[in-house]
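If you count the sequence shown from 1, position 45 lands on 30 in my numbering, and the numbers rise without skipping. Here's the structure we're looking at; comments come further down.
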Amino acid sequence: MKKNFTPEDELLFLALGGSGEIGMNVNLYGCQGRWLMVDLGMTFSGGQYPGVDLVFADLEFIEDRSKDLEAIVLTHAHEDHIGAVPYFAADLGVPIYATPFTAELVRRKLEEADLEGEVELNIIEEDHGSLKIGPFEITYIPLAHSIAEGNALLIDTPHGRIFHTGDWKLDEDPIIGEPTTEEELTEIGDEGILALVCDSTNVFNPSPSGSEGAVFKGLLEEVQRHVGKRVLVTTFASNVARLHTLGEVARETGRQLCVAGRSLDRIIDVARHNGYLEDFPETIDFDTAMGLPRGEVLIIATGGQGEPRAALSRVSEDNHPIELVAGDVVLFSSRQIPGNELAIGAVQNRLAAKGVTMVTDRQSMIHVSGHPGRPELEALYGWLRPEILVPVHGEVRHMQEQARLGIANGIPDAVFQQNGDIVRLAPGAPGKIAEIRAGRLVLDGDIIAPADGDSIVMRRRIMHEGVVIVALDDQLNPLIDSLGLPLDEDYEDFVAEARQDIVTAIKRLKGKDGRSAAAVHEAARLAARRAAQRWSGKRPQVRVMLPTRLG
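Here is the structure:
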């Protein structure tokens, strides 16, 4: 692709994150030489990058064109849609637009990063609020999701209108908010939709995702079953409707409410600040909760995805003021995110060892997804009747399946794309026209670094193979140490043999090689590595420190 590429006479779509994966959503629309960013999210490393928690899309493409970027428009407040804002928004130097709940969470993130005065944050106050940014006219379309103020974006351009769903579902009883109705969506479709850019997460689910209102009954019945037991419910902190439901369940069952987790405290505070959870019961502290009879407290805790520092994980390790014992109950009112199976299993095994009873959404109606199943996707296709379907927010298998589903339901064109694919939506036939590098960045300590950089690659190698350190003195006699090799009983014998191998390898160097730092370094490195492989079967990284006379 040409370095000076700009969308002069075309309507373009480019995902930098969130296409080919679930999470890290960053989408760009290009028109008349200008760009619009929709969402700026992150994801968690899940152990893929040792020592790293947060992973970001590499924004090099749009950073190189920041003068052409109009704004960042946020659909909702989940971390995979807003989590990268405090790390990149100030450098991009453009205004951000969001509805009040999302804007307040973003504002607090910026405040924590000492960036509140450096980023222009604009609030879209009303439902169906609209704004004009360069060649883009954007209208917020409220849709149900597992967080307050989930929105699609209707993006009007000189080439046609795009309906960007964000994360969504259909819900006749959403508890929080008033989603756009079938009739309103049909009217939008009547006015013409060029492209539907649509969430693919639950495309393999043959059933509707279910109503948040139905979860109230399921949770109420489940808590009522466990008379005299301490009940802890773990759920996504951001699910304001679920928090409302649990407040009602506590009230109905005569239990006092205790909240464990800083993210829950933050969401509750922001929700109340924006007019939600106004009837949420007053909560009690940990000491008060532990002093009550076991059947008189309901605990809401973070950690349902197995996060090691979250409240539930610490409870399972007896490292939290909240205590659970045999007979107590944990309700997992959340779905298991792919990739978290091992972490969740570890928490559940620790709870099981205590004799704690666990209930998941497979056993009881205590959770519904925030993403659309096939019937909901098909309904939206029928209401909007787009000319083009662009699946996003899913792994390759999800997006390919949604493309097939859309074609089967009469959408004329479906464009499969992944991060880095530049797709032309108009004019002419839609399809991929170019490809850019779509890399990843990681937050490594306090530094944002390439995910494929030397430090991460070396750390991964050391994690798998270990490391051997060789220090040569002025006479080129080696001292050896190692980390991560399975040689506890044979360590001294390994060191003795490795030292001899290194001495022999260096003595074999002839002429100027015997005085060459590079030659001595390589001879010592190879000899140490071969010795380690003989003794352990591993191929460790070897670091050689040379004497100053060679260095």
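Each residue gets a CB set at the ideal place from its N, CA and C atoms; glycine is no exception. What you are looking at is a predicted structure, and each value in this text was computed from that prediction instead of being measured.
Please say whether residue j and residue i have beta carbons closer to each other than 7 Å?
| i | j | result |
| --- | --- | --- |
| Arg251 | Val282 | no |
| Pro371 | Ile351 | no |
| Glu386 | Val188 | yes |
| Pro85 | Glu105 | no |
| Leu217 | Ile322 | no |
| Val341 | Val315 | yes |
| Asp156 | Glu197 | yes |
| Gly213 | Pro266 | no |
| Gly75 | Glu103 | What sits at residue 75 in the sequence shown is Ala, not Gly. Yes, the pair counts as a contact, with Cβ atoms nearer than the cut-off. |
| Asn553 | Gln290 | A question about residue 553 goes unanswered here, because the residues of the chain that appear run from -14 up to 536. |
| Gly355 | Lys154 | yes |
| Pro193 | Gly358 | yes |
| Glu361 | Asn394 | no |
| Leu374 | Leu181 | yes |
| Gly114 | Ala137 | no |
| Ala129 | Pro164 | yes |
| Ile132 | His211 | no |
| Ala69 | Phe41 | yes |
| Gly288 | Ser298 | yes |
| Ala245 | Ile307 | yes |
| Leu262 | His229 | yes |
Go through its chain and collect everything with a Cβ distance to residue i's Cβ below 6 Å, but skip five positions before and after it.
| i | result |
| --- | --- |
| Ile269 | Gln241 and Cys243 |
| Met22 | Leu13 and Ile57 |
| Lys483 | For the sequence presented, residue 483 should be read as Ala rather than Lys. If we look at Ala483 and ignore the five residues flanking it on each side, its Cβ neighbours are Ile465, Ala513 and Ala516. |
| Ala509 | Val455, Ile487 and Val529 |
| Phe221 | Ser319 |
| Ala98 | Pro71 |
| Glu(-5) | Arg409 |
Could you pull the DSSP bridge partners for residue i from this structure?
| i | result |
| --- | --- |
| Tyr366 | Answer by DSSP bridge pairing: none, since Tyr366 is not bridged. |
| Val375 | Val182 |
| Thr268 | Leu242 |
| His149 | Leu138 and Val182 |
| Ala0 | Asn12 |
| Arg19 | Cys16 |
| Leu457 | Pro463 |
| Leu468 | Val452 |
| Leu25 | Val11 |
Per DSSP, what kind of secondary structure is residue i in: helix, strand or coil?
| i | result |
| --- | --- |
| Val341 | coil |
| Leu59 | coil |
| Glu122 | strand |
| Tyr14 | strand |
| Glu380 | coil |
| Thr489 | helix |
| Pro463 | strand |
| Met275 | helix |
| Ile284 | strand |
| Glu6 | strand |
| Val314 | strand |
| Leu262 | coil |
| Val480 | helix |
| Ser319 | coil |
| Ala295 | coil |
| Pro357 | coil |
| Ser349 | coil |
| Asn334 | helix |
| Leu231 | helix |
| Asp475 | coil |
| Asp303 | coil |
| Glu(-7) | coil |
| Leu309 | coil |
If you drop the 5 nearest sequence neighbours on each side, which residues of the same chain put their C-beta closer than 7 Å to that of residue i?
| i | result |
| --- | --- |
| Asn10 | Gly2, Gly3, Asp24, Gly26, Asp65, His66 and His378 |
| Ala88 | Leu106 and Ile108 |
| Gly5 | Glu380, Val381, Gln403 and Asn404 |
| Leu468 | Gly451 and Val452 |
| Pro35 | Arg444, Arg445 and Met448 |
| Arg92 | Glu101 and Leu106 |
| Gly391 | Tyr366, Leu374 and Ala399 |
For residue i, which residues of its own chain have a beta-carbon under 8 Å away from its beta-carbon, when the five flanking residues on both sides are left out?
| i | result |
| --- | --- |
| Phe121 | Tyr14, Cys16, Arg19, Leu21, Glu55, Ile140, Asp141 and Thr142 |
| Ser521 | Gly451, Leu470, Pro471, Leu472 and Phe479 |
| Arg236 | Pro266 |
Legend entry - beta strand (DSSP E) segments (min. 3 residues) lying fully within the stretch 384 to 455: 406 to 411, 416 to 420, 425 to 429 and 432 to 435
Legend entry - Runs of alpha helix (DSSP H) wholly within the stretch 154 to 226 (minimum 4 residues, chain order): 167 to 175 and 197 to 210
Legend entry - 4-residue-minimum alpha helix (DSSP H) runs that sit fully inside the stretch 61 to 136, ordered along the chain: 64 to 67, 70 to 77 and 85 to 97
Inset, instruction - Just list the alpha helix (DSSP H) runs in the stretch 489 to 535, keeping only unbroken ones of 4 residues or longer that don't cross its boundaries, in chain order. - result: 502 to 521
Legend entry - alpha helix (DSSP H) runs contained entirely in the stretch 27 to 61, provided each spans 4 or more residues: 45 to 48
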